[in-house]
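S.K.:
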Amino acid sequence: MKLKEMPVSLIEACKLSLLSAEKIKSIQGNEFPVVVSLTTIPYRLSKVHLVIRSVLSQSVRPRHIVLWINEDMQSQIPQSLKKLVGDIFQIRLTKLHCSHKKLIHSLELFENLPVVTCDDDVIYDNNWLRSLIETHKKYPDCVVVHRVRCIKYDDNGTLLPYKQWNCDGKEDEKSLLPIGSEGILYPANKFSELIRNDKLFLKLAPKADDLWFKAVALVEGVGCKKVESPVKDTIPIMGTQKVSLKKENVSEDKNKSQWQALETYFNLK
Numbered sequence: 001m002k003l004k005e006m007p008v009s010l011i012e013a014c015k016l017s018l019l020s021a022e023k024i025k026s027i028q029g030n031e032f033p034v035v036v037s038l039t040t041i042p043y044r045l046s047k048v049h050l051v052i053r054s055v056l057s058q059s060v061r062p063r064h065i066v067l068w069i070n071e072d073m074q075s076q077i078p079q080s081l082k083k084l085v086g087d088i089f090q091i092r093l094t095k096l097h098c099s100h101k102k103l104i105h106s107l108e109l110f111e112n113l114p115v116v117t118c119d120d121d122v123i124y125d126n127n128w129l130r131s132l133i134e135t136h137k138k139y140p141d142c143v144v145v146h147r148v149r150c151i152k153y154d155d156n157g158t159l160l161p162y163k164q165w166n167c168d169g170k171e172d173e174k175s176l177l178p179i180g181s182e183g184i185l186y187p188a189n190k191f192s193e194l195i196r197n198d199k200l201f202l203k204l205a206p207k208a209d210d211l212w213f214k215a216v217a218l219v220e221g222v223g224c225k226k227v228e229s230p231v232k233d234t235i236p237i238m239g240t241q242k243v244s245l246k247k248e249n250v251s252e253d254k255n256k257s258q259w260q261a262l263e264t265y266f267n268l269k
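Numbered according to full-length UniProt numbering, the sequence shown terminates at residue 269, and the numbering increases by one at each position without gaps.
1. Given valine 85, which residues of its chain have a CB within under 8 Å of its CB, disregarding the five upstream and five downstream residues?
2. Just list the residues that DSSP pairs arginine 149 with in beta bridges.
3. For valine 143, which beta-bridge partners are listed by DSSP?
4. Could you check where the alpha helix (DSSP H) with phenylalanine 201 kicks off and where it finishes?
5. Can you check DSSP and say which residues form a bridge with proline 62?
6. Of all the options Lys256, Lys163, Val216, Ser37, which has the alpha carbon lying nearest to the alpha carbon of serine 192?
7. Mind checking glutamate 182: buried by the 16 CB within 10 Å criterion, or exposed?
8. Here's a check: name, in chain order, each residue in its chain whose Cβ is nearer than 6 Å to the Cβ of lysine 269, leaving out the five neighbours to either side.
9. With distances taken Cα to Cα, identify the nearest neighbour of cysteine 167 among Val48, Arg147, Leu159.
10. Nearest by alpha-carbon distance to valine 51: which of Gly180, Lys23, Asp121, Lys4 is it?
11. So the candidates are Thr158, Asp119, His100; which of them puts its Cα closest to the Cα of lysine 199?
12. What is the DSSP secondary structure of tyrosine 124, counted as helix, strand or coil?
13. Distance, Cα to Cα, asparagine 249 vs serine 175?
14. Give the range of the beta strand (DSSP E) segment to which tyrosine 162 is assigned.
15. Looking at chain B, is there any beta carbon in it that lies within less than 8 Å of the beta carbon of methionine 238?
16. Tell me whether threonine 7 is buried or exposed, calling it buried when 16 or more other Cβ atoms sit within 10 Å of its Cβ.
17. Which of helix, strand or coil does DSSP assign to proline 7?
18. Taking DSSP as the reference, what is the three-state secondary structure of serine 57?
19. Quick check on aspartate 125: buried or exposed, where buried means 16 or more other Cβ atoms within 10 Å of its Cβ?
20. Just verifying my parser: in three-state terms, what is the DSSP assignment at serine 37?
21. Using alpha carbons as the reference points, say which of Ile237, Lys163, Phe266 lies closest to aspartate 119.
22. DSSP state of alanine 261, grouped into three classes?
23. If you count every other CB in all the chains shown that lies within 10 Å of the CB of leucine 18, and 16 or more means buried, which is it?
24. Does valine 231 come out as helix, strand or coil in the three-state DSSP assignment?
25. Do you know how far the Cα of leucine 204 is from the Cα of isoleucine 123?
26. Report, in whole angstroms, the separation of the C-beta atoms of arginine 130 and serine 75, which I expect to be a contact under 8 Å.
27. Which residues in the same chain have their Cβ closer than 7 Å to the Cβ of valine 115, if we skip the five residues on either side of it in sequence?
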């Protein structure tokens with residue numbers, strides 16, 4: 001977390017925490033038939049209630065919010081989360097440890113609803129979900145995302161390091177890589193059982209769920225659109241940033257190696 005982000009993070013966390021669980025669960029607002037789905041790890045379990053609170057406080061409320069946790073964590077669920085369980089928010093258990101569980105289970109459980117994935121270490125702007133939904137209404141068959149990178153190759157067709165996957169606005173839609181931290185909407189009934197093939201994704205992209213979901217979208221012809229009404233950036237939650245797949249995937253360029261495995265297997269290049 002950057003030093004300049006700390007005051008904002010503290011203020012927003014305090015605002016959300018001061019609302020009683022009953023009050024935040026009873027906030028009235030427009031509902032849209034969509035599922036917000038996420039997962040977490042033991043290190044962040046005590047803080048993830050802030051994410052749930054920020055989603056419950058959206059200007060457009062989802063029909064469901066589901067937190068998927070590994071079954072080994074059941075006894076560790078804090079009261080701060082249990083108090084938020086109700087008509088909208090639920091906690092479900094899975095045998096999986098990987099981050100892919102934030103999407104694959106909800107796609108199966110709520111097969112007729114779009115699923116929006118989010119991260120467990122940031123606070124979202126009040127119009128974050130509305131922005132995704134507005135673009136989804138215009139492009140109902142596409143993945144919708146707030147932020148993207150662009151999968152890049154050099155002039156010889158060699159995949160560039162992940163840090164160079166920047167966008168200049170001229171890229172083909174197929175090269176757009178949705179970034180999960182800002183939220184991604186996946187349309188209903190557009191993905192086959194392939195997306196839930198845990199043996200395959202644990203082999204090809206065990207630590208890069210966004211890359212796996214992108215590869216499957218390409219295989220199955222599902223397009224990608226950026227939101228047309230951007231919102232304020234997410235706010236990192238203090239005390240959640242020390243453990244992160246991002247550090248390993250980016251600093252060691254494991255995103256590149258995992259994408260190479262995916263494009264070779266699915267012949268995506």
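Think of the CB as a built atom: it goes at the ideal place given N, C-alpha and C, for glycine as much as any other residue. The structure presented is a predicted model; accordingly, all values stated were derived computationally and were not measured.
M.R.: Once the coordinates are examined:
1. The count along the sequence shown starts at 1 and reaches residue 85 at position 85. Here the set comprises Ile91.
2. Taking the sequence shown and counting its residues from 1, the one referred to as residue 149 is at position 149. Leu177.
3. Position 143 of the sequence shown, counting from 1, holds the residue named residue 143. According to DSSP, valine 143 bridges with Cys224.
4. Within the sequence shown, the letter at position 201 stands for residue 201. It spans 198-204 - the alpha helix (DSSP H) in which phenylalanine 201 sits, taken as one unbroken run.
5. The residue you call residue 62 lines up with position 62 of the sequence shown. Answer is Phe32, bridged to proline 62.
6. Looking up residue 192 in the sequence shown gives position 192. The residue with the shortest Cα to Cα distance from serine 192 is Val216.
7. On the sequence shown, residue 182 is found 182 positions in, with the first residue counted as 1. Flag for glutamate 182 reads buried.
8. The residue labelled residue 269 in the question sits at position 269 within the sequence shown. Taken in chain order, the residues that qualify are Glu263.
9. Working through the sequence shown from its first residue, we reach residue 167 at position 167. The residue with the shortest Cα to Cα distance from cysteine 167 is Arg147.
10. Sequence index remark: in the sequence shown, residue 51 carries index 51 (1-based). Checked all of Gly180, Lys23, Asp121, Lys4; the closest Cα to valine 51 is Asp121.
11. Walking along the sequence shown from the start, residue 199 turns up at place 199. It is His100.
12. Sequence index remark: in the sequence shown, residue 124 carries index 124 (1-based). In this structure, tyrosine 124 counts as coil in the three-state DSSP scheme.
13. Counted from its first residue, the sequence shown places residue 249 at position 249. Counted from its first residue, the sequence shown places residue 175 at position 175. Because the pLDDT of asparagine 249 is 49, which lies under 50, any placement of that residue in the model is unreliable, and the number read from its coordinates should be weighed accordingly. Approximately 19 Å, taken between the alpha carbons.
14. On the sequence shown, residue 162 is found 162 positions in, with the first residue counted as 1. Where tyrosine 162 is concerned, there is no enclosing beta strand (DSSP E), given that its DSSP letter is neither H nor E.
15. The structure shown contains no chain B; it is built from a single protein chain.
16. Translated into the one-based positions of the sequence shown, residue 7 becomes position 7. Contrary to the premise, residue 7 reads as proline rather than threonine in this sequence. Exposed, since its Cβ has fewer than 16 Cβ neighbours within 10 Å.
17. Translated into positions along the sequence shown, residue 7 becomes position 7. Reduced to three states, the DSSP call for proline 7 is helix.
18. Working through the sequence shown from its first residue, we reach residue 57 at position 57. Here serine 57 sits in coil by DSSP.
19. For the purposes of this step, residue 125 is identified with residue 125 of the sequence shown, where counting begins at 1. Buried, because 16 or more other Cβ atoms sit within 10 Å of the Cβ of aspartate 125.
20. Translated into positions along the sequence shown, residue 37 becomes position 37. Here serine 37 sits in strand by DSSP.
21. Locating residue 119 in the sequence shown gives position 119, counting from the first residue. Of Ile237, Lys163, Phe266, the residue nearest in Cα terms is Ile237.
22. Here the question's residue 261 lines up with position 261 in the sequence shown. Helix at alanine 261.
23. In the sequence shown, counting from the first residue as 1, residue 18 sits at position 18. With fewer than 16 other Cβ atoms within 10 Å, it is exposed.
24. As a first step, residue 231 must be located in the sequence shown, where it is residue number 231. In the structure shown, valine 231 sits in coil (DSSP, three-state: anything other than H, G, I, E or B).
25. The count along the sequence shown starts at 1 and reaches residue 123 at position 123. The count along the sequence shown starts at 1 and reaches residue 204 at position 204. Cα to Cα, the separation comes out at about 31 Å.
26. Here residue 130 corresponds to residue number 130 of the sequence shown, with the count starting at 1. Here residue 75 corresponds to residue number 75 of the sequence shown, with the count starting at 1. At roughly 36 Å, the Cβ-Cβ gap does not stay under 8 Å, so arginine 130 and serine 75 are not in contact.
27. Within the sequence shown, numbered from 1, the residue matching residue 115 stands at position 115. Here the set comprises Val35, Ser37, Leu103, Ser106, Leu107, Tyr186.
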